[in-house]
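Below: one structure, written as structure tokens.
There are 2 protein chains.
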Amino acid sequence: MDTPLLTPRPVPSVQAMKTACSSCNLRELCLPVALQDNELERLDSLVAQRLAVPRGETLYRARDPFRSLYAVRSGFFKTLVTTADGREQVTGFLMAGELLGFDGIGTDRYSCDTVALEDSQVCVIPFEQLEALSRDFLPLQRQFHRIMSREIVRDHGLILLLGSMRAEERLAAFLLNLTQRLASRGFSSTELVLRMTREEIGSYLGLKLETVSRAFSKLQDQGLLAVRHRQVRVVDPAGLRRLVDTLC
Amino acid sequence: MDTPLLTPRPVPSVQAMKTACSSCNLRELCLPVALQDNELERLDSLVAQRLAVPRGETLYRARDPFRSLYAVRSGFFKTLVTTADGREQVTGFLMAGELLGFDGIGTDRYSCDTVALEDSQVCVIPFEQLEALSRDFLPLQRQFHRIMSREIVRDHGLILLLGSMRAEERLAAFLLNLTQRLASRGFSSTELVLRMTREEIGSYLGLKLETVSRAFSKLQDQGLLAVRHRQVRVVDPAGLRRLVDTLC
DNA sequence: CGCGAGCTTGATGCCGATCAATGCATGTGG
DNA sequence: CCACATGCATTGATCGGCATCAAGCTCGCG
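Respectively, the protein sequence lines represent chains A and B.
Start counting the first sequence at 614; every next residue gets the next number (this note's numbering).
Start counting the second sequence at 614; every next residue gets the next number (this note's numbering).
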């Protein structure tokens, strides 16, 4: 990590690109899905910049002018919306290969804050250029629309969770979602290290941190999990799944 | 309204287009925003079909193959996701000029159900053709992306509501949102007729219908509303706004 | 070793769910 | 035109889950 500049608003440090989309090991999860070699080259020339975002730093804030989407290259982020009176609601957690910034397209300003939960790197995708390139490359246009649509479907899932599930079910659904995404990145689907605090989980799930902690203990007592601080082992994935499917 | 066909799955009746996007009085709210005359003509030729959807009928269901977006031409819709065990969560209410179907793009199948709450008409927007046309017309591409992004921002607002507001605040926020959208369509911003039941409002807001009813009564007792069944008059818009802004 | 951030656990209280009864408007058939 | 049924809304009584308040606990770190 480069040392962050000493400005009032810490700016993530810019890095020259070492690797390109065409050689990125996340290309099957990210924007380049289904692109031909020549299309990948053009995408490479578009995604020419990478940013390092140290743990705890903000990538962009609500009301910042929108210019780019970002692809998480490595690390982990949370997105959050802030109310007039200063309270926060986490709206998402993002891992490698996932895209950030769709909230900015509609009004030319971002509508949420994005914070790195560990030292992270993102690829910068200038949006006007992406739009231009997607006019030439049908598969790129298609993939972009798909990703944005899935973001909507994902949000509907969270709305469903917040509207109709109880504490333990919420936590179970959350953990299943995390393990699934980790598994599709080649990580274990039973062993995970949480990148966020109980409070951040609670904010995401519409619960207080104490309730999250109690829910962890309950699931452990039921023999579904083994929890030690941020180390979580899923002992009974089917049981966890049953808990979610039954009431949800 | 044509009489619905007597099939196991009632199909909304198809109507020939009488009017086009170029002469639609919703064009400032819908997809045609900022299009030139020649662009509007091309859009007209794309949006060649209209469907009548009688009250209570479904426009599309989760898992139906995705082919089109729909623009609400007249009437009122709800969208809802259904859990494995059959419970429903309303994820949105849509009025004239708003678009339906973004949830289907990501997987080529819709992910929610869409039901008309009153006799309605929608314009059919074949998606592949829309994608093709948006490759030629930059303003159309831009507008399409904007609308989809706003859908995401809207969902974040609902997530915030579900995660951190209490019953009366949820209802206040809901009513303010409705009146705002009605006002931008030229309707009164203080007088409205609810198109949905207390139960549907409750499902949307993550509350039970009794709680919704009590919240209506409370807001009325506080002199903010005058409620008579589905007739609602906003007596004190600023007070309602204060209720939402204070805790949210 | 001592401090602090984050986590766990217990005791209590409140908001909204649940259960239940009543009210009100619309529609239908006698 | 009235009797009755039906769907939706309101209101009350009670219950339960989560929030709140309050200690302790654990671990990393200076």
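From the three backbone atoms N, C-alpha and C, an ideal C-beta is built for every residue, glycine too.
Three-state class that DSSP yields for residue i in the structure shown
| i | result |
| --- | --- |
| A/Val728 | strand |
| B/Tyr695 | Inspection of the sequence shows that residue 695 of chain B is occupied by Thr rather than by Tyr. Strand. |
| B/Pro645 | coil |
| B/Phe757 | helix |
| A/Gly705 | strand |
| B/Val825 | helix |
| B/Leu795 | helix |
| B/Leu774 | helix |
| B/Pro742 | Reading off the sequence shown, one finds Gln at residue 742 of chain B, where the question assumed Pro. Here B/Gln742 sits in helix by DSSP. |
| B/Val848 | coil |
| B/Arg841 | strand |
| B/Gln835 | coil |
| B/Ala785 | helix |
| B/Arg767 | helix |
| A/Pro678 | strand |
| A/Tyr817 | helix |
| A/Glu670 | coil |
| A/Arg871 | What is shown of chain A runs 614 to 861, which leaves residue 871 of chain A out entirely. |
| B/Glu711 | coil |
| B/Val735 | strand |
| B/Met614 | Confidence at B/Met614 is low in this model, with a pLDDT of 39, below 50, so its placement is unreliable and no value can be given for it. |
| A/Arg855 | helix |
| A/Arg779 | coil |
| B/Arg655 | helix |
| A/Phe687 | One detail in the question is off: residue 687 of chain A reads as Ser in this sequence, not Phe. Of the three classes helix, strand and coil, the one that applies to A/Ser687 here is strand, per DSSP. |
| B/Leu751 | helix |
| B/Arg663 | strand |
Any non-hydrogen atom of the ligand SAH closer than 7 Å to residue i Cβ
| i | result |
| --- | --- |
| B/Asp858 | Because no ligand of any kind appears in the structure shown, any question about the ligand SAH cannot be addressed here. |
Residue-chain proximity (residue i, chain A), Cβ-Cβ < 8 Å
| i | result |
| --- | --- |
| B/Cys725 | yes |
| B/Gly699 | no |
| B/Leu642 | no |
| B/Ile772 | yes |
Residue-level contact to chain B via CB, residue i, 8 Å cutoff
| i | result |
| --- | --- |
| A/Asp677 | no |
| A/Glu744 | yes |
| A/Thr696 | yes |
| A/Met761 | yes |
Contacts that residue i makes with chain A (C-beta to C-beta distance below 8 Å)
| i | result |
| --- | --- |
| B/Gly819 | Leu775, Gly776, Ser777 |
| B/Val766 | Asp716, Gly719, Thr720, Ser724 |
Contacts that residue i makes with chain B (C-beta to C-beta distance below 9 Å)
| i | result |
| --- | --- |
| A/Arg574 | The question about residue 574 of chain A has no answer, for chain A in this structure spans 614 to 861. |
- So, do the segment 677-694 of chain A and the segment 710-718 of chain A have three or more beta carbon pairs nearer to each other than 8 Å? A contact exists between the segment 677-694 of chain A and the segment 710-718 of chain A.
- Okay, do the segment 729-738 of chain A and the segment 649-667 of chain A touch, 3+ Cβ pairs below 8 Å being the bar? Touching, yes.
- Message: Tell me which residues of the segment 775-799 of chain B have at least one Cβ-Cβ distance to chain A shorter than 7 Å, keeping chain order.
- Response: The residues in question are Leu775, Gly776, Ser777.
- For the segment 697-709 of chain B against the segment 805-821 of chain B, are there 3 or more C-beta pairs whose distance is under 8 Å? With a cut-off of 8 Å on Cβ pairs, the segment 697-709 of chain B is in contact with the segment 805-821 of chain B, counting three or more such pairs.
- Of the residues that make up the segment 703-734 of chain B, which ones have a beta carbon closer than 8 Å to any beta carbon in chain A? Contact annotation: in the segment 703-734 of chain B, residues whose CB is within less than 8 Å of a CB in chain A are Thr704, Phe715, Asp716, Gly717, Ile718, Gly719, Thr720, Ser724, Cys725.
- Stretch pair the segment 674-685 of chain A + the segment 829-845 of chain B: three plus CB contacts closer than 8 Å: No: fewer than three Cβ pairs fall under 8 Å.
- Message: For the segment 823-852 of chain B, list every residue whose C-beta sits within 7 Å of some C-beta in chain A, in sequence order.
- Response: The residues in question: there are none.
- Task: May I ask you to verify whether the segment 723-732 of chain A touches the segment 782-801 of chain B, counting CB pairs closer than 8 Å and requiring at least 3?
- Result: Per the Cβ contact rule, the segment 723-732 of chain A is not in contact with the segment 782-801 of chain B (fewer than 3 Cβ pairs under 8 Å).
- Task: Could you say if the segment 843-858 of chain B and the segment 797-814 of chain B meet the contact criterion of at least three C-beta pairs nearer than 8 Å?
- Result: As far as the Cβ criterion goes, the segment 843-858 of chain B touches the segment 797-814 of chain B, which means the pair count is three or higher.
- Task: Using a Cβ-Cβ cut-off of less than 7 Å, list which residues of the segment 644-667 of chain B approach chain A; keep chain order.
- Result: When C-beta distances to chain A are compared with 7 Å, every residue of the segment 644-667 of chain B stays at or above that value.
- Message: Under 8 Å, with one C-beta from each stretch per pair, do the segment 738-753 of chain B and the segment 777-791 of chain A reach the 3-pair mark?
- Response: Taking 8 Å as the limit for Cβ pairs, the verdict is that the segment 777-791 of chain A does not touch the segment 738-753 of chain B.
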